[in-house]
Amino acid sequence: MITAILTIDDVPSRNTPAIVDYLNSKEITAVMFAVGKNIEKYRDNAIYALRHGMILGNHTYSHPYCSRIAFEEVIEEIEKNEKILDGIYKDAGVIRRYKPFRFPYGDKGGENKKALQSYLRKNGFSKLNDSQIPFKWWREGELSTDIDTFWTYDVAEYNIRTGSSFTEEDVYKRMDAESPQNGGELFKDGNSNIILLHAHDETEEMVPEYYRKYLDYILERGVQFLKPEFF
Ligand SMILES: [Zn+2]
Numbered sequence: 579m580i581t582a583i584l585t586i587d588d589v590p591s592r593n594t595p596a597i598v599d600y601l602n603s604k605e606i607t608a609v610m611f612a613v614g615k616n617i618e619k620y621r622d623n624a625i626y627a628l629r630h631g632m633i634l635g636n637h638t639y640s641h642p643y644c645s646r647i648a649f650e651e652v653i654e655e656i657e658k659n660e661k662i663l664d665g666i667y668k669d670a671g672v673i674r675r676y677k678p679f680r681f682p683y684g685d686k687g688g689e690n691k692k693a694l695q696s697y698l699r700k701n702g703f704s705k706l707n708d709s710q711i712p713f714k715w716w717r718e719g720e721l722s723t724d725i726d727t728f729w730t731y732d733v734a735e736y737n738i739r740t741g742s743s744f745t746e747e748d749v750y751k752r753m754d755a756e757s758p759q760n761g762g763e764l765f766k767d768g769n770s771n772i773i774l775l776h777a778h779d780e781t782e783e784m785v786p787e788y789y790r791k792y793l794d795y796i797l798e799r800g801v802q803f804l805k806p807e808f809f
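Residues 579 to 809, numbered by the numbering used here, are exactly what the sequence shown covers, in order.
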């Protein structure tokens, strides 16, 4: 068996309702990490995701590199977005059961890393149940004990953009690779990944319905998506 949990970053966007409809048609529940600024811009689309079964997590208000700003500024970034998230859960009429958090760019805050983990722990942020992740490097590092939600496999589709030589073919090549540059092998029996995809409208413009193409491919190769659980 091959399993995965799907995470989608930088929501909401113009294409969020279409992504949500696709996910529901495949019975996939994704953890969507929302940027506060994007919620202000596409509030209805965030509410749509909540009303249609997706879990929204905190991805800060303005998506900074957390190691490049002061500890207090990171906290402001998180708390400003917390208020926005509480508001949209309320407006959607959905109970907020979980509070997952993901650092923008996976930047855990550099020298403030420990203090930020302690902040997340004390303030009730949810840790993803990652007990099925088999990779030694995941278990041996702090990735398996940190509160924030990291990933084990990056689809990297956001690299398809104007001026970049990264192509659709490269996405498939990476998915088929036995040793992906970073992350766990996607289609090996027994493997389980936390997959990272993005909700970028720019990708949509370059590759219409890119999420459908890549997720259909992942499903065709036998990956079963698990419903995310949290501690
Ligand atoms: Zn992001």
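We treat Cβ as the ideally placed atom computed from N, Cα and C, and that holds for glycine.
A distance below 7 Å between beta-carbons, with the five flanking residues on each side excluded, links Gly702 to the following residues of its chain, in chain order: Lys677.
Thr727 is the residue among Thr727, Lys700, Glu689 whose C-alpha sits nearest the C-alpha of Asn707. In this structure Gly687 is buried. Its beta-carbon is surrounded by 16 or more other beta-carbon atoms within 10 angstroms. For Phe611, the CB falls within less than 8 Å of some heavy atom of ligand 1. For Val609, the enclosing beta strand (DSSP E) has its first and last residue at 608–612. Assignment of Ser770 by DSSP, reduced to helix, strand and coil, places it in the strand class. If you check the C-beta of Asp779 against ligand 1, you find no heavy atom less than 8 Å away.
Remark: C-beta atoms of Val609 and Ile580 do not approach each other more closely than 9 Å.
Proximity to Ile617 across Met632, Pro595, Asn659 peaks at Asn659, based on C-alpha coordinates. Relative to ligand 1, the nearest heavy atom lies less than 8 Å away from the CB of Arg680. Look at the beta carbons and you see the stretch 752–764 not touching the stretch 691–702: under three pairs across the two are nearer than 8 Å.
Closer than 8 Å to some heavy atom of ligand 1: that does not describe the Cβ of His630. Residue range 649–670 is occupied by the alpha helix (DSSP H) that includes Leu663. Across the structure, Tyr667 and Tyr626 are spaced so that their CA atoms are roughly 10 Å apart. A residue is called buried once 16 or more other Cβ atoms fall within 10 Å of its Cβ, and Phe809, having fewer, is exposed. DSSP places Ile583 inside the beta strand (DSSP E), whose first and last residues are 580–589. DSSP places Ile725 outside any alpha helix (DSSP H), giving it a letter other than H or E.
Just measuring C-alpha positions, the residue of Gly665, Asn636, Asp669 sitting nearest Glu655 is Asn636. For Ile633, the secondary structure class from DSSP, reduced to helix, strand or coil, is strand. Relative to ligand 1, Asp588 has its C-beta within less than 8 Å of a heavy atom.
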